[in-house]
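If you use this note's numbering, the sequence shown corresponds to residues 366 to 630, in order. Virtual Cβ for every residue (Gly too), placed ideally from N, Cα, C. Contents: one structure, followed by commentary.
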Amino acid sequence: MLTKSGGLAICLLIGTFMLTNNKNPEMSIPFDQPPKWAQEAIWYQIFVERFRNGNIQNDPTRLTCDNALIDKLPDDWKLTPWGHNWYKQEKWAKATGLDFYRTIQMRRYGGDLAGVEEKIPYLIELGINAIYFNPINDAPSLHKYDARYYHHIDVTFGDDILGDMKMIAKENHADPKSWVWTSADKKFLSLIKKLHDAGIRVIMDYSWNHTGNNFWAFKDVEKHPESSPYKDWYNFRLVKDSEANTTEYEYEGWLGIKNLPELKN
(Lines of atoms letter the chains of each structure in order from A and count residues from 1; the text may use other names and numbers.)
(Lines give C-alpha, C1' and ligand atoms only; values in the text may rest on other atoms or scores of the structure.)
Protein backbone atom coordinates (compact mmCIF):
# COMPACT_ATOMS: atom_id res chain seq x y z
CA MET A 1 0.00 0.00 0.00
CA LEU A 2 1.40 3.38 -0.97
CA THR A 3 1.80 5.97 1.76
CA LYS A 4 0.10 9.24 0.96
CA SER A 5 1.80 12.52 1.79
CA GLY A 6 -0.99 14.69 0.47
CA GLY A 7 -3.61 17.27 1.33
CA LEU A 8 -2.51 20.33 3.25
CA ALA A 9 0.82 18.71 4.09
CA ILE A 10 1.74 18.23 0.46
CA CYS A 11 0.61 21.77 -0.39
CA LEU A 12 2.98 23.11 2.25
CA LEU A 13 5.82 20.86 1.12
CA ILE A 14 5.42 21.80 -2.53
CA GLY A 15 5.14 25.47 -1.66
CA THR A 16 8.30 25.34 0.44
CA PHE A 17 10.18 23.48 -2.29
CA MET A 18 9.19 26.00 -4.95
CA LEU A 19 10.19 28.95 -2.80
CA THR A 20 13.59 27.47 -1.96
CA ASN A 21 14.52 25.56 -5.13
CA ASN A 22 12.57 26.90 -8.07
CA LYS A 23 14.37 29.10 -10.57
CA ASN A 24 11.35 29.88 -12.74
CA PRO A 25 10.45 33.53 -12.04
CA GLU A 26 6.78 32.87 -12.87
CA MET A 27 6.56 30.42 -9.96
CA SER A 28 7.80 33.08 -7.52
CA ILE A 29 5.03 35.59 -8.25
CA PRO A 30 3.25 36.81 -5.07
CA PHE A 31 -0.19 35.34 -4.42
CA ASP A 32 -1.90 38.67 -5.11
CA GLN A 33 -0.30 38.86 -8.56
CA PRO A 34 -1.66 36.04 -10.73
CA PRO A 35 0.78 34.51 -13.24
CA LYS A 36 0.59 35.56 -16.87
CA TRP A 37 -0.82 32.22 -18.01
CA ALA A 38 -3.81 32.63 -15.66
CA GLN A 39 -4.59 36.08 -17.04
CA GLU A 40 -4.65 34.72 -20.57
CA ALA A 41 -6.34 31.38 -19.82
CA ILE A 42 -9.70 30.34 -21.22
CA TRP A 43 -11.37 28.99 -18.10
CA TYR A 44 -14.03 26.31 -17.70
CA GLN A 45 -15.60 25.67 -14.28
CA ILE A 46 -16.67 22.14 -13.36
CA PHE A 47 -19.00 21.23 -10.51
CA VAL A 48 -18.31 17.50 -10.72
CA GLU A 49 -21.53 16.17 -9.15
CA ARG A 50 -23.52 18.05 -11.78
CA PHE A 51 -21.26 17.55 -14.81
CA ARG A 52 -21.61 14.00 -16.11
CA ASN A 53 -22.19 10.51 -14.69
CA GLY A 54 -19.49 8.36 -16.25
CA ASN A 55 -19.75 5.43 -13.83
CA ILE A 56 -23.10 4.42 -12.38
CA GLN A 57 -21.37 1.96 -10.03
CA ASN A 58 -20.15 4.85 -7.84
CA ASP A 59 -23.44 6.72 -7.59
CA PRO A 60 -24.09 8.45 -4.23
CA THR A 61 -26.04 6.49 -1.63
CA ARG A 62 -27.75 7.35 1.63
CA LEU A 63 -24.54 6.25 3.36
CA THR A 64 -22.29 8.65 1.44
CA CYS A 65 -24.77 11.54 1.94
CA ASP A 66 -25.34 10.90 5.64
CA ASN A 67 -25.42 14.04 7.83
CA ALA A 68 -24.97 16.38 4.87
CA LEU A 69 -28.02 18.39 5.92
CA ILE A 70 -30.11 19.24 8.94
CA ASP A 71 -32.99 17.46 7.22
CA LYS A 72 -32.66 13.69 7.00
CA LEU A 73 -32.93 11.96 3.64
CA PRO A 74 -36.28 10.17 3.29
CA ASP A 75 -36.29 6.38 3.20
CA ASP A 76 -37.35 6.31 -0.46
CA TRP A 77 -34.69 8.81 -1.56
CA LYS A 78 -32.92 8.06 -4.83
CA LEU A 79 -30.85 9.77 -7.51
CA THR A 80 -32.52 12.41 -9.65
CA PRO A 81 -32.45 11.53 -13.38
CA TRP A 82 -30.48 13.76 -15.72
CA GLY A 83 -32.89 16.04 -17.57
CA HIS A 84 -35.40 16.08 -14.72
CA ASN A 85 -37.45 19.31 -14.59
CA TRP A 86 -35.37 21.49 -12.27
CA TYR A 87 -38.34 23.05 -10.47
CA LYS A 88 -40.38 19.86 -10.15
CA GLN A 89 -40.02 18.02 -6.86
CA GLU A 90 -39.40 14.30 -7.08
CA LYS A 91 -41.99 11.96 -5.50
CA TRP A 92 -39.72 11.35 -2.52
CA ALA A 93 -39.18 15.11 -2.18
CA LYS A 94 -42.90 15.90 -2.20
CA ALA A 95 -43.53 13.25 0.43
CA THR A 96 -41.25 15.06 2.90
CA GLY A 97 -43.64 18.02 3.08
CA LEU A 98 -40.64 20.35 2.74
CA ASP A 99 -40.51 23.12 0.16
CA PHE A 100 -38.51 23.00 -3.06
CA TYR A 101 -35.53 24.93 -1.74
CA ARG A 102 -35.14 22.51 1.19
CA THR A 103 -35.34 19.32 -0.83
CA ILE A 104 -33.18 20.54 -3.70
CA GLN A 105 -30.17 20.22 -1.39
CA MET A 106 -30.92 16.50 -1.15
CA ARG A 107 -30.62 15.96 -4.89
CA ARG A 108 -27.79 13.94 -6.38
CA TYR A 109 -27.21 13.24 -10.06
CA GLY A 110 -24.10 11.06 -9.84
CA GLY A 111 -21.54 13.18 -11.66
CA ASP A 112 -17.99 11.87 -11.24
CA LEU A 113 -14.41 12.05 -12.51
CA ALA A 114 -15.08 9.35 -15.10
CA GLY A 115 -17.67 11.73 -16.55
CA VAL A 116 -15.11 14.53 -16.76
CA GLU A 117 -12.63 12.19 -18.43
CA GLU A 118 -15.21 11.18 -21.03
CA LYS A 119 -15.73 14.81 -21.99
CA ILE A 120 -12.08 15.79 -22.48
CA PRO A 121 -12.52 15.76 -26.29
CA TYR A 122 -15.51 18.10 -25.85
CA LEU A 123 -13.47 20.43 -23.64
CA ILE A 124 -10.65 20.47 -26.20
CA GLU A 125 -13.16 21.27 -28.94
CA LEU A 126 -14.44 24.21 -26.89
CA GLY A 127 -10.94 25.66 -26.91
CA ILE A 128 -10.51 25.93 -23.13
CA ASN A 129 -7.04 25.53 -21.58
CA ALA A 130 -7.74 25.72 -17.83
CA ILE A 131 -10.28 24.05 -15.53
CA TYR A 132 -11.43 25.38 -12.17
CA PHE A 133 -12.81 22.49 -10.11
CA ASN A 134 -15.30 23.24 -7.38
CA PRO A 135 -14.31 21.26 -4.25
CA ILE A 136 -13.86 17.55 -4.86
CA ASN A 137 -12.49 16.65 -1.42
CA ASP A 138 -14.41 13.92 0.38
CA ALA A 139 -17.66 15.31 1.84
CA PRO A 140 -21.31 14.23 2.22
CA SER A 141 -22.90 17.25 0.49
CA LEU A 142 -23.42 17.90 -3.21
CA HIS A 143 -21.12 20.95 -3.12
CA LYS A 144 -18.25 19.45 -1.06
CA TYR A 145 -17.55 22.64 0.88
CA ASP A 146 -18.25 20.62 4.05
CA ALA A 147 -14.98 18.68 4.06
CA ARG A 148 -14.98 15.28 5.74
CA TYR A 149 -11.36 14.73 4.71
CA TYR A 150 -9.23 17.33 2.95
CA HIS A 151 -6.64 14.75 1.89
CA HIS A 152 -8.96 12.48 -0.09
CA ILE A 153 -11.04 12.91 -3.22
CA ASP A 154 -14.74 12.21 -2.60
CA VAL A 155 -15.44 8.48 -2.54
CA THR A 156 -18.34 8.85 -5.00
CA PHE A 157 -15.96 10.24 -7.63
CA GLY A 158 -13.74 7.12 -7.75
CA ASP A 159 -14.32 3.47 -8.62
CA ASP A 160 -14.82 1.73 -5.26
CA ILE A 161 -16.95 3.55 -2.68
CA LEU A 162 -16.96 0.91 0.06
CA GLY A 163 -13.34 -0.04 -0.53
CA ASP A 164 -12.24 3.58 -0.29
CA MET A 165 -14.27 4.15 2.87
CA LYS A 166 -12.67 1.11 4.52
CA MET A 167 -9.18 2.30 3.59
CA ILE A 168 -9.83 5.78 4.96
CA ALA A 169 -11.26 4.37 8.20
CA LYS A 170 -7.99 2.54 8.90
CA GLU A 171 -5.89 5.71 8.71
CA ASN A 172 -4.64 7.85 11.55
CA HIS A 173 -5.92 11.04 9.96
CA ALA A 174 -3.51 13.19 11.97
CA ASP A 175 -0.51 11.24 10.66
CA PRO A 176 0.26 11.68 6.93
CA LYS A 177 2.48 8.59 7.06
CA SER A 178 -0.65 6.46 7.47
CA TRP A 179 -2.52 8.04 4.56
CA VAL A 180 -3.27 5.88 1.54
CA TRP A 181 -4.20 6.41 -2.09
CA THR A 182 -7.86 5.54 -2.60
CA SER A 183 -9.36 4.66 -5.97
CA ALA A 184 -10.83 8.17 -6.10
CA ASP A 185 -7.42 9.74 -5.39
CA LYS A 186 -5.79 7.69 -8.14
CA LYS A 187 -8.63 8.52 -10.50
CA PHE A 188 -7.98 12.22 -10.05
CA LEU A 189 -4.23 11.80 -10.57
CA SER A 190 -4.96 9.98 -13.82
CA LEU A 191 -7.40 12.70 -14.87
CA ILE A 192 -4.85 15.44 -14.15
CA LYS A 193 -2.30 13.72 -16.40
CA LYS A 194 -4.81 13.39 -19.23
CA LEU A 195 -5.83 17.03 -18.90
CA HIS A 196 -2.21 18.15 -18.86
CA ASP A 197 -1.52 16.01 -21.93
CA ALA A 198 -4.37 17.90 -23.59
CA GLY A 199 -2.77 21.23 -22.66
CA ILE A 200 -5.32 21.98 -19.94
CA ARG A 201 -4.23 23.34 -16.56
CA VAL A 202 -6.05 22.41 -13.34
CA ILE A 203 -7.00 24.60 -10.37
CA MET A 204 -8.69 23.15 -7.26
CA ASP A 205 -11.02 24.90 -4.82
CA TYR A 206 -10.75 24.26 -1.07
CA SER A 207 -12.57 25.88 1.86
CA TRP A 208 -9.76 26.43 4.35
CA ASN A 209 -11.80 28.69 6.66
CA HIS A 210 -14.25 25.96 7.72
CA THR A 211 -14.77 22.21 7.60
CA GLY A 212 -17.89 20.09 7.68
CA ASN A 213 -19.33 18.77 10.94
CA ASN A 214 -18.33 15.30 9.72
CA PHE A 215 -14.67 16.33 9.56
CA TRP A 216 -12.56 13.83 11.49
CA ALA A 217 -11.01 16.40 13.86
CA PHE A 218 -14.32 18.13 14.57
CA LYS A 219 -15.95 14.82 15.45
CA ASP A 220 -13.14 14.15 17.92
CA VAL A 221 -13.72 17.54 19.57
CA GLU A 222 -17.44 16.82 19.87
CA LYS A 223 -16.66 13.55 21.65
CA HIS A 224 -13.87 14.95 23.83
CA PRO A 225 -14.37 18.74 24.12
CA GLU A 226 -11.95 19.07 27.03
CA SER A 227 -9.19 16.68 26.00
CA SER A 228 -9.22 16.60 22.20
CA PRO A 229 -5.87 17.68 20.70
CA TYR A 230 -7.89 19.54 18.06
CA LYS A 231 -10.08 21.59 20.40
CA ASP A 232 -8.19 24.78 19.57
CA TRP A 233 -8.83 24.35 15.86
CA TYR A 234 -12.41 25.57 16.33
CA ASN A 235 -14.22 28.33 18.21
CA PHE A 236 -15.82 26.16 20.89
CA ARG A 237 -17.17 27.86 24.00
CA LEU A 238 -18.99 26.67 27.10
CA VAL A 239 -22.55 27.98 27.42
CA LYS A 240 -24.42 27.76 30.73
CA ASP A 241 -28.19 27.83 31.09
CA SER A 242 -28.85 28.81 34.70
CA GLU A 243 -32.61 28.25 34.45
CA ALA A 244 -32.29 24.74 33.07
CA ASN A 245 -29.15 24.14 35.13
CA THR A 246 -27.30 22.77 32.11
CA THR A 247 -24.04 23.47 30.29
CA GLU A 248 -23.15 22.66 26.72
CA TYR A 249 -20.52 23.51 24.14
CA GLU A 250 -21.35 25.83 21.27
CA TYR A 251 -19.30 26.65 18.19
CA GLU A 252 -19.33 29.15 15.36
CA GLY A 253 -20.65 27.99 12.01
CA TRP A 254 -19.75 29.71 8.75
CA LEU A 255 -22.56 32.21 8.08
CA GLY A 256 -24.27 30.66 11.10
CA ILE A 257 -24.57 27.28 9.36
CA LYS A 258 -23.91 24.65 12.01
CA ASN A 259 -22.80 21.89 9.66
CA LEU A 260 -19.96 24.19 8.49
CA PRO A 261 -17.97 24.80 11.71
CA GLU A 262 -15.48 27.64 11.35
CA LEU A 263 -11.78 27.09 11.89
CA LYS A 264 -9.93 29.62 14.02
CA ASN A 265 -8.08 32.31 12.09
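Check whether residue i and residue j have beta carbons under 8 angstroms apart
i: Asn-574; j: Leu-628; result: yes
i: Ser-572; j: Ala-512; result: yes
i: Gly-618; j: Ala-504; result: no
i: Lys-559; j: Glu-482; result: yes
i: Lys-509; j: Asp-525; result: no
i: Thr-581; j: Tyr-497; result: In the sequence as presented, Thr is not what sits at residue 581; that position holds Trp. No, Cβ-Cβ distance for Trp-581 and Tyr-497 is not below 8 angstroms.
i: Val-604; j: Glu-615; result: yes
i: Thr-493; j: Trp-408; result: Note that residue 493 is Ile in the sequence shown, not Thr. Yes, Cβ-Cβ distance for Ile-493 and Trp-408 is below 8 angstroms.
i: Arg-473; j: Leu-434; result: no
Delimiting residues of the beta strand (DSSP E) encompassing residue i
i: Gln-410; result: 408 to 411
i: Phe-498; result: 495 to 498
i: Lys-605; result: 602 to 606
Best match in the options for proximity to residue i [C-alpha to C-alpha]
i: Asp-550; options: Ala-582, Met-532 and Arg-473; result: Met-532
i: Leu-491; options: Ala-406, Lys-605, Gly-621 and Gln-398; result: Ala-406
i: Thr-521; options: Ala-495, Ile-496 and Phe-553; result: Phe-553
i: Ser-543; options: His-516, Pro-425 and Glu-615; result: His-516
For residue i, the first and last residue of its enclosing alpha helix (DSSP H)
i: Arg-566; result: Note, Arg-566: premise wrong, no alpha helix (DSSP H); beta strand (DSSP E) at 566 to 569.
i: Tyr-487; result: 485 to 491
i: Lys-459; result: 456 to 460
i: Arg-556; result: Note on identity: in this sequence residue 556 is Leu, with Arg being the wrong assignment. Per DSSP, Leu-556 belongs to the alpha helix (DSSP H) from 548 to 562.
i: Ala-582; result: 581 to 588
i: Leu-527; result: 526 to 534
i: Ala-403; result: 401 to 405
i: Arg-467; result: 465 to 468
Those residues which DSSP pairs with residue i across a bridge
i: Asp-597; result: BP columns for Asp-597 are empty, so no partner.
i: Thr-612; result: Lys-605
i: Asp-503; result: Tyr-514
i: Leu-628; result: Tyr-599
i: His-575; result: Glu-627
i: Gly-618; result: Pro-626
Check: Are there three or more Cβ pairs, one per stretch, closer than 8 angstroms when the region 525 to 540 is compared with the region 567 to 576?
Finding: Too few Cβ pairs lie closer than 8 angstroms, so no.
Note to self: Check whether the region 437 to 447 and the region 483 to 496 touch, using three or more Cβ-Cβ pairs below 8 angstroms as the test.
What the structure shows: The answer is no - the region 483 to 496 does not touch the region 437 to 447, with fewer than three Cβ pairs under 8 angstroms.
Notebook entry, point to check: Would you call the region 451 to 468 and the region 416 to 432 touching, i.e. three or more CB-CB distances under 8 angstroms?
Noted result: no
Notebook entry, point to check: Does the count of Cβ pairs from the region 470 to 480 and the region 400 to 417 closer than 8 angstroms reach three?
Noted result: yes
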